[in-house]
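Heads up: the protein sequence lines correspond to chains V and X, in order. First residue of the first sequence: 1, per this note's numbering; consecutive thereafter. First residue of the second sequence: 1, per this note's numbering; consecutive thereafter. A virtual CB, placed ideally from N, CA and C, is assigned to each residue, including glycine. Please read these numbers as outputs of a predicted model, since none were measured by experiment. To start, the structure under review is shown below, and the notes come after it.
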Amino acid sequence: MFKLQNECENIIINEDYLELEVDVDGHLDLNITNKKSCNVFVKIKKARSIYVSIEVMENTQCTYLIYNDNNAPLITNELYKVKKGAILNLAACDINQQKCKRHIKVDLIEEFAVCNFKSAVLCNDEMHYQIAINSCYANTTGMMENYGVVLENGKYYMDATGKIDKGAHGSKSHQASHALCFAHKQQATILPQLLIDENDVEASHATTVGSIDDNQLFYMQSRGLSAKEAGALLTLGYLSFIKDIIPNSQLQEYLDQEIESKVNSIC
Amino acid sequence: MSILKIENLHVAIDDKEILKGIDLEIKENEIHALMGPNGNGKSTLLQTIMGHPKYIVTQGSITFDGNDVLKMTVDERSKAGLFLAMQYPLEIPGVTNSDFLRAALNARSEKPVSLFKFIKEMEKNIAELQMKPDLAHRFLNEGFSGGEKKRNEILQMRMLKPSLALLDEIDSGLDVDALKIVANAIRSLQEETKMGLIVVSHYERFYDSIKPTHAHVLIDGKIVMNGGQELVAKIDNEGYDWLYKQLNIKPIVQTNIQPTISLGSCGANRGK
């Protein structure tokens with residue numbers, strides 16, 4: 001296990017997946033150079049402010065799962081640069097009961113760079129996300145999927161931007177964001193934006209914000225689940241896809257248990 | 001002995017009265033066929049017994065083993081032994097069939113059900129219903145064919161073992177072979193547990209397999225005739241016209257007004 005250090009650079013990974021436990025404020029700088037593909041699990045345990053700077057090198061594939069298990073409010077500034085032919089699979093999992101403000105910027109800086117971004121958020125406080133995937137070069141692909149479950153004290157704000165710069169022809173920018181609220185008084189705001197400066201491109205956005213479907217709830221209750229149990233099961237169904245981002249059964253089992261216990265304790 | 005007793009039940013949806021005074025008693029080991037033209041209140045009755053919040057009971061009572069069902073929440077009704085196999089089972093994305101069923105079983109027992117026992121029981125029932133083995137791991141009813149959804153309802157019923165099951169057109173969407181499999185699965189559970197059944201279907205073929213002990217015809221929110229298997233056969237042969245004439249009832253004319261559908265609009269700022 002690697003501990004976060006200020007200005008760590010060029011960390012060499014020799015394992016199935018690398019686990020980084022963040023327990024101080026600071027910078028996380030990673031340029032993985034000696035691997036064609038790598039998986040990194042970043043667990044934020046104790047920090048208030050983190051700066052992330054990651055480059056995905058030419059023709060490599062990197063998967064990052066950033067799991068916020070912080071016991072205090074957190075602010076992050078994250079910058080990812082994806083080079084030629086590289087694939088960045090980036091996932092954010094925030095299921096703790098703390099304020100959170102994340103600013104995530106992904107620049108697809110060379111041809112055929114790809115970013116697949118996914119987020120799973122269980123929101124019981126103010127959670128503010130600003131996520132932008134920028135196609136800065138031709139034939140790049142930015143995909144975004146966001147899922148948020150908003151509980152009684154939650155305020156979920158998702159500003160999701162897909163940007164295609166002038167000259168980035170043949171690029172794709174697609175995004176879908178969904179928020180599930182447990183009651184009418186909860187706040188969920190999704191701001192899907194497509195900023196397109198080129199003609200020969202593909203772009204789309206989809207957004208849903210809604211409360212639990214009464215008929216779904218009735219169906220589950222009719223099998224003996226209380227409203228609370230049904231809500232917890234629906235929440236797990238909504239968020240637990242995030243555990244499969246890194247294909248390692250031990251990590252998946254760990255995340256499965258973590259998510260289930262957090263959901264059951266909060267919902 | 002489990003007894004469901006419905007007395008003078010009046011039910012409304014959006015201030016429109018649908019059920020206009022139903023009296024019915026179903027005892028353990030009895031199989032009641034509930035027939036009637038579409039749109040006359042059969043599904044409303046079953047959904048009301050199960051406690052769907054859309055249906056408002058304005059008058060009357062429902063008791064199960066002497067307990068006031070109308071005071072129970074939906075999950076309490078299920079735990080008391082009632083089960084509704086739905087005409088249109090809901091799709092629940094993200095929740096697997098097996099997780100759902102295990103949660104439902106755990107919700108009604110003090111100790112969590114052993115995983116080994118659960119898997120064994122589920123596999124046995126899946127095989128009996130000739131369902132695809134991967135169905136347990138797929139999201140609840142999502143992407144299921146009409147027939148698969150109906151079999152899945154019966155799978156849940158067999159796992160939960162209710163004292164009284166309400167089957168709402170469980171035969172619709174099933175081919176001839178599937179109908180036989182589902183009917184056998186219902187019948188075998190009924191023989192094993194002696195559960196009571198209220199079965200809504202339009203087809204004698206299904207009732208032939210289920211073998212109802214009682215039959216009722218529900219028209220315009222009221223039970224207008226009671227009988228046995230012979231009543232099912234007569235309706236299958238002659239329809240409902242003879243009943244309308246005999247009882248001097250006017251059939252309800254179904255109005256099929258299409259609601260206005262908004263196609264929505266894209267929120268993107270197109271600029272000028």
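- Shorter than 7 Å from the beta carbon of Ala104/X to some beta carbon of chain V? Residue 104/X sits at position 104 when you count from the first residue of the second sequence. Flagged as an interface residue toward chain V: Ala104/X, by a C-beta distance shorter than 7 Å.
- Message: Our contact map puts Asp168/X next to Leu84/X with C-beta atoms below 8 Å; I'd like the distance itself, whole angstroms only.
- Response: Sequence index remark: in the second sequence, residue 168/X carries index 168 (1-based). Sequence index remark: in the second sequence, residue 84/X carries index 84 (1-based). Indeed they touch by this definition, with Cβ atoms about 7 Å apart.
- Item | Per DSSP, cross-strand counterpart(s) of Thr63/X | The residue given as residue 63/X occupies position 63 in the second sequence. Answer by DSSP bridge pairing, in chain order: Lys5/X, Asp68/X.
- Task: Using a Cβ cut-off of 7 Å, pull out every chain X residue sitting near Asp214/V, in sequence order please.
- Result: Within the first sequence, numbered from 1, the residue matching residue 214/V stands at position 214. In chain order: Pro53.
- Decide yes or no for the touch test of the segment 100–118 of chain V against the segment 80–92 of chain V: beta carbon pairs closer than 8 Å, at least 3 of them. For the pair of segments examined, the segment 100–118 of chain V was found to touch the segment 80–92 of chain V: the number of CB pairs separated by less than 8 Å reaches three.
- Message: If distances are taken between C-alpha atoms only, which option among Asp68/X, Glu30/X, Asp171/X, Met225/X comes closest to Ile249/X?
- Response: What you label residue 249/X is simply residue 249 of the second sequence in a count that begins at 1. Closest by alpha carbon: Met225/X.
- Kindly say whether Arg138/X, judged by its beta-carbon, lies nearer than 7 Å to any beta-carbon of chain V. Position 138 of the second sequence, counted from the first residue, corresponds to residue 138/X. Between Arg138/X and chain V, the shortest Cβ-Cβ separation is not below 7 Å.
- Query: Which of the three DSSP states, helix, strand or coil, is assigned to Arg270/X?
  - Reply: Reading the second sequence from its first residue, position 270 is the one you call residue 270/X. Only weak support exists for where Arg270/X lies, its pLDDT of 43 falling under 50; the coordinates are left without a value.
- Query: Of all the options Glu145/V, Tyr137/V, Glu198/V, Lys35/V, which has the alpha carbon lying nearest to the alpha carbon of Leu239/V?
  - Reply: For this step, residue 239/V is matched to residue 239 along the first sequence. A check of alpha carbon separations from Leu239/V across Glu145/V, Tyr137/V, Glu198/V, Lys35/V identifies Glu145/V as the nearest.
- Task: From the DSSP output, in three-state form, read off His103/V for me.
- Result: Along the first sequence, read from residue 1 onward, the residue named residue 103/V stands at position 103. DSSP, read as helix, strand or coil, puts His103/V in strand.
- Can you pull the chain X residues whose beta carbon is under 7 Å from the beta carbon of Leu225/V, in chain order? Here residue 225/V refers to the residue found at position 225 when the first sequence is read from its first residue. Per Cβ cutoff of 7 Å: Asp75, Ala103, Ala104, Ala107.
- At least 3 beta-carbon pairs within less than 8 Å: the segment 184–194 of chain V vs the segment 41–50 of chain X: Too few Cβ pairs lie closer than 8 Å, so no.
- Task: Please confirm if Gly66/X has its CB atom under 7 Å from at least one CB of chain V.
- Result: For this step, residue 66/X is matched to residue 66 along the second sequence. No, Gly66/X lies away from the interface with chain V (no Cβ there is under 7 Å from its Cβ).
- Where Gln246/X falls, given that 16 or more other Cβ within 10 Å makes a residue buried: Position 246 of the second sequence, counting from 1, holds the residue named residue 246/X. When all chains shown are included, Gln246/X counts as exposed.
- Item | Length of the line joining the Cα atoms of His103/V and Met127/V | Counting from 1 along the first sequence, the entry for residue 103/V is found at position 103. Counting from 1 along the first sequence, the entry for residue 127/V is found at position 127. Separation of His103/V and Met127/V (C-alpha to C-alpha, rounded to the nearest whole angstrom) is 11 Å.
- Message: Contact criterion: CB-CB distance below 7 Å. Does Met122/X meet it with respect to chain V?
- Response: Against the second sequence, residue 122/X aligns to sequence position 122. No, no contact with chain V.
- Message: Give me, in chain order, the residues of the same chain whose beta-carbon lies closer than 6 Å to that of Asp75/X; leave out the 5 immediate sequence neighbours on both sides.
- Response: On the second sequence, residue 75/X is found 75 positions in, with the first residue counted as 1. Excluding residues within five positions, none has a Cβ falling inside 6 Å.
- Item | Where Tyr238/V meets chain X, residues with beta-carbon distance less than 7 Å | On the first sequence, position 238 is the one that residue 238/V refers to. Result: Gly94.
- Query: What did DSSP end up calling Asp220/X once you bin it into helix, strand or coil?
  - Reply: Translated into positions along the second sequence, residue 220/X becomes position 220. Judged by DSSP in its simplified three-state form, Asp220/X adopts coil rather than helix or strand.
- Message: At the 7 Å Cβ level, is Glu229/V part of the contact set with chain X, yes or no?
- Response: Within the first sequence, residue 229/V is the residue found at index 229, counting from 1. Closer than 7 Å: yes.
- Task: Decide if Ser261/V is buried, meaning its Cβ has at least 16 other Cβ atoms within 10 Å, or exposed.
- Result: Working through the first sequence from its first residue, we reach residue 261/V at position 261. The Cβ neighbour count for Ser261/V, taken over all protein chains shown within 10 Å, is under 16; the residue is labelled exposed.
- Item | Spatial distance of Ile31/X from Arg187/X (CA atoms) | Residue mapping note: residue 31/X aligns to position 31 of the second sequence, counting from 1. Residue mapping note: residue 187/X aligns to position 187 of the second sequence, counting from 1. Ile31/X and Arg187/X: Cα-Cα distance of roughly 10 Å.
- Message: Once DSSP output is grouped into helix, strand and coil, what is the label at Phe144/X?
- Response: As a first step, residue 144/X is located in the second sequence; it is residue number 144 there, counting from the start. Three-state DSSP puts Phe144/X in coil, outside helix and strand.
- With a Cβ-Cβ cutoff of 7 Å, do Tyr240/X and Ala33/X count as a contact? Here residue 240/X refers to the residue found at position 240 of the second sequence. Here residue 33/X refers to the residue found at position 33 of the second sequence. Cβ distance not < 7 Å, so Tyr240/X and Ala33/X don't count as in contact.
- Message: Taking CB distances under 7 Å as the criterion, tell me whether Ser222/V reaches chain X.
- Response: Position 222 of the first sequence holds residue 222/V. Ser222/V has a beta carbon lying within less than 7 Å of a beta carbon in chain X.
- Message: I'd like to confirm the pairing. Which residues does DSSP put opposite Pro37/X in its beta bridges?
- Response: For the purposes of this step, residue 37/X is identified with residue 37 of the second sequence, where counting begins at 1. For Pro37/X, which the question treats as bridged, DSSP gives no partner whatsoever.
- Query: Hey, does Leu191/V have any beta-carbon neighbour from chain X nearer than 7 Å?
  - Reply: Residue 191/V sits at position 191 when you count from the first residue of the first sequence. No, no contact with chain X.
- Query: Does DSSP put Asn226/X in a helix, a strand or coil?
  - Reply: Within the second sequence, residue 226/X is the residue found at index 226, counting from 1. Strand.
- Item | Residue-chain proximity (Asn10/V, chain X), Cβ-Cβ < 7 Å | One-based indexing of the first sequence puts residue 10/V at position 10. Unreliable positioning characterises Asn10/V in this predicted model, as indicated by a pLDDT of 42, which lies under 50. A coordinate reading is not provided.
- Message: His178/V and Ser204/V - do their beta-carbons sit closer together than 7 Å?
- Response: Stepping through the first sequence from its first residue, residue 204/V is reached at position 204. Stepping through the first sequence from its first residue, residue 178/V is reached at position 178. No; because the gap between Cβ atoms is not below 7 Å, this pair is not in contact.
- Item | Spatial distance of Lys5/X from Gly21/X (CA atoms) | For the purposes of this step, residue 5/X is taken as the residue at position 5 of the second sequence. For the purposes of this step, residue 21/X is taken as the residue at position 21 of the second sequence. Rounded to the nearest angstrom, the two C-alpha atoms are 13 Å apart.
- Item | Length of the line joining the Cα atoms of Lys42/X and Ile56/X | Residue 42/X sits at position 42 when you count from the first residue of the second sequence. Residue 56/X sits at position 56 when you count from the first residue of the second sequence. If I take the Cα positions, the gap works out to 15 Å.
- Query: With a cut-off of 7 Å, does the C-beta of Leu233/V fall near any C-beta of chain X?
  - Reply: Residue numbering aside, residue 233/V sits at position 233 when the first sequence is read from its first letter. By the rule that beta-carbons nearer than 7 Å mark a contact, Leu233/V touches chain X.
- Task: Show which residues of chain V have a CB atom less than 9 Å away from the CB atom of Lys79/X.
- Result: Residue mapping note: residue 79/X aligns to position 79 of the second sequence, counting from 1. In chain order: Gly224.
- By a C-beta neighbour count over all protein chains shown, 10 Å radius and 16 as the cutoff for buried, is Ala47/V buried or exposed? Residue numbering aside, residue 47/V sits at position 47 when the first sequence is read from its first letter. So Ala47/V ends up on the buried side.
- Test item: CB-CB of Gly60/X and Leu135/X under 7 Å: For the purposes of this step, residue 60/X is taken as the residue at position 60 of the second sequence. For the purposes of this step, residue 135/X is taken as the residue at position 135 of the second sequence. For Gly60/X and Leu135/X, no; Cβs fall outside 7 Å.
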